[in-house]
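Here this note's numbering is used: the first residue of the sequence shown is 1, the next is one more, and so on.
Working notes, beginning with the structure itself.
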Amino acid sequence: MESKHQSHGEIKEEKAVKKKKSWSGSLIAAALTGAFGSSFLYGYNLSVVNAPAVFIKKFYNETWERRYGFSVDESTLTLLWSITVSIFAIGGLVGAIIVTPIVKFFGRKCTLLLNNVFAVAAALLMSLSLLAGSFEMLILGRIVMGVDAGISLSALPMYLNEISPKEIRGSLGQVTAICICIGVFTGQVLGLPEIFGQESRWPYLFGAILVPSLIQVVILPFLPESPRYLLLEKHNTSKAEKAFQTFLGKDDVSQEIEEVLAESRAQRNTKLVSILQLLRTRAVRWQIATTVVAMGCYQLCGLNAIWYYTHNIFLEAGINPETIPYVTLSTGAIETLAALFSSLAIERLGRRPLLIGGFGLMIVFFAVLTVSLTLQKTVEWLPYLSIFCILAIIASFCIGPGGIPFVLTGEFFQQSQRPAAFMIAGTVNWLCNFAVGLLFPFIQSGLQTYCFLVFAGICFAGATYLFFVLPETKNKTFHEISQAFAKRNKVSLEMQEMNHHPGERKSSVEQESNFTPSVDNGETKKGIV
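Below is the structure:
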């Protein structure tokens, strides 16, 4: 009994050591640099328009009056502002659609680098709009910045998934969510009146976009491309080996090379598949459905509604209107802390508990928030309960739903399917983002405080689906995750594992040596995924 306990302890200690060794300096540098110029900017652009809203509307009105000789009417001004805010999602949809051919031809790292062209162009357009006296430049800059975000929210998770060892793939993948939260928080801080939240300084809020982009352009070229991309799509074994050595911090990477080659042998074709081909592939139907549900719930779960109500709830609690911008910083801080907790817990608890548990907690706090908002004028202390619920909903979202869908999209699909899968995920993400921005004002005006019950229902539907369908992907290879879905997809494991016709039995060495020719011939075996 004692020896068994001891051996179990030794195994646990060995796993911990292996996990610790997985974090190399190059891996951390690639993750942080990639995210700083990508998901950080997405989060920053979500919050940066809130603080200068009054000044930007005034700029719109003054420009209109100078051009046409009369002030813009209130409905037109509201329309212009709504377009300015929501058109970011249209740009994001365009970015998500064009990302597949870009990552195919240029690779994951180069796509992140080239994407900075959009970020720099957007920063210049928006920051110079006041000087040029053109609000169209600001709106165009928002579209271009959306394209940047659409590309980066697909290319970055793809890159992080492919460079990280399976022991820390979830934690490294959460860097995307962490940097989104830090970006939101940074936008809130820079928007304070003491910094750039003034009428004469608001263009600097958009000019600040240049800083993360330039940092990424300077550092990222010195880090390797995705070794999986180099090996499976460029067929460059020597560069892939060097990339693995750099990211893993060790010389012997033969096991990692063989693991990637084993994945390629489990596919019928190493050529990239199109969206239509992916949708027609029986062996990934439930993976696609789960990705769509997770990404849809990510946008439709009601976090945007929380931001809408925050200001009014703080006012009802008796907080001075002038201090509300500073109190609002607590929401950004809670977001960041919750995302950090998720990155630390994801490899211990797994994806399922954090994602399903996050939605479950949101349901509870949405219900409490609905009651407290409905009755808060009758009970003196209820506004404070509303504040607590807002912070709790934000924390629950960031613990799981705020980042794990991006991780799962990278884990569900094999190399040839991944770009098309991210295009589908990105399209769902941005369409839902746009739908929320378009429909929420109507939902809110119709249901008032009861609108949160709609979002609680969406969270319940998402959590229920994921509870019955989502397998745990922690510490599993891409091939093992594919096997976990095999029964539900009604595809036999043998069919998933085959890469040659029945009767062909080659050693791994022979298969590796024949890897490039089989790719070049583009052979497709029926019934193999």
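Glycine residues also receive a C-beta, built at the ideal position from the N, C-alpha and C atoms.
Taking only three categories from DSSP, how would you classify residue i?
{"i": "R488", "result": "coil"}
{"i": "L128", "result": "coil"}
{"i": "W381", "result": "coil"}
{"i": "K476", "result": "coil"}
{"i": "V407", "result": "helix"}
{"i": "A51", "result": "coil"}
{"i": "E62", "result": "helix"}
{"i": "L470", "result": "coil"}
{"i": "Q511", "result": "Confidence at Q511 is low in this model, with a pLDDT of 39, below 50, so its placement is unreliable and no value can be given for it."}
{"i": "N45", "result": "helix"}
{"i": "N115", "result": "coil"}
{"i": "T374", "result": "helix"}
{"i": "S39", "result": "helix"}
{"i": "Q483", "result": "helix"}
{"i": "K166", "result": "coil"}
{"i": "G400", "result": "coil"}
{"i": "P193", "result": "coil"}
{"i": "G69", "result": "coil"}
{"i": "Q287", "result": "helix"}
{"i": "F455", "result": "helix"}
{"i": "F388", "result": "helix"}
{"i": "F413", "result": "coil"}
Just to confirm the assignment, what range does the alpha helix (DSSP H) spanning residue i have?
{"i": "E199", "result": "Segment: none, E199 is in no alpha helix (DSSP H) and carries neither H nor E."}
{"i": "N433", "result": "418-447"}
{"i": "I102", "result": "74-106"}
{"i": "P157", "result": "135-163"}
{"i": "S26", "result": "25-36"}
{"i": "F185", "result": "175-190"}
Around the C-beta of residue i, are 16 or more other C-beta atoms found within 10 angstroms, so that it is buried, or is it exposed?
{"i": "P193", "result": "exposed"}
{"i": "D252", "result": "exposed"}
{"i": "T76", "result": "exposed"}
{"i": "D148", "result": "buried"}
{"i": "Q227", "result": "In the sequence under discussion, the amino acid at residue 227 is Pro, which differs from the Gln named in the question. Label assigned to P227: buried."}
{"i": "Q255", "result": "exposed"}
{"i": "V72", "result": "buried"}
{"i": "W430", "result": "buried"}
{"i": "R418", "result": "buried"}
{"i": "R108", "result": "buried"}
{"i": "S274", "result": "exposed"}
{"i": "Y450", "result": "exposed"}
{"i": "S82", "result": "exposed"}
{"i": "R66", "result": "exposed"}
{"i": "Y159", "result": "buried"}
{"i": "R142", "result": "buried"}
{"i": "W202", "result": "buried"}
{"i": "Q448", "result": "exposed"}
Spell out whether any CB of chain B is found under 9 Å from the CB atom of residue i.
{"i": "M295", "result": "In the structure shown, chain B does not exist; there is a single protein chain."}
Since residue i and residue j are thought to touch, with beta carbons under 8 Å apart, how far apart are those beta carbons, to the nearest angstrom?
{"i": "S342", "j": "A177", "result": "7 Å"}
{"i": "A556", "j": "I399", "result": "As shown, the chain starts at 1 and ends at 529. That puts residue 556 outside it, with no answer to give."}
{"i": "F412", "j": "Q287", "result": "4 Å"}
{"i": "C432", "j": "F359", "result": "Not really, about 15 Å apart at Cβ, beyond 8 Å."}
{"i": "I404", "j": "L354", "result": "6 Å"}
{"i": "F206", "j": "G146", "result": "Contact doesn't hold; Cβ gap of about 14 Å is too wide."}
{"i": "I180", "j": "I306", "result": "Not really, about 15 Å apart at Cβ, beyond 8 Å."}
{"i": "S86", "j": "L438", "result": "7 Å"}
{"i": "I139", "j": "T84", "result": "5 Å"}
Sorry if obvious, but does the Cβ on residue i come closer than 8 Å to a heavy atom of the ligand GDP?
{"i": "L130", "result": "No copy of the ligand GDP appears in this structure; indeed no ligand is present at all."}
Legend entry - Uninterrupted alpha helix (DSSP H) stretches inside the segment 298-349 (no shorter than 4 residues): Unbroken alpha helix (DSSP H) runs of no fewer than 4 residues, entirely contained in the segment 298-349, are found at 303-316, 324-349, following chain order.
Legend entry - Ordered list of alpha helix (DSSP H) runs contained in the segment 203-282, each at least 4 residues: DSSP runs (the alpha helix (DSSP H)) wholly in the segment 203-282: 210-219, 237-248, 254-265, 275-280.
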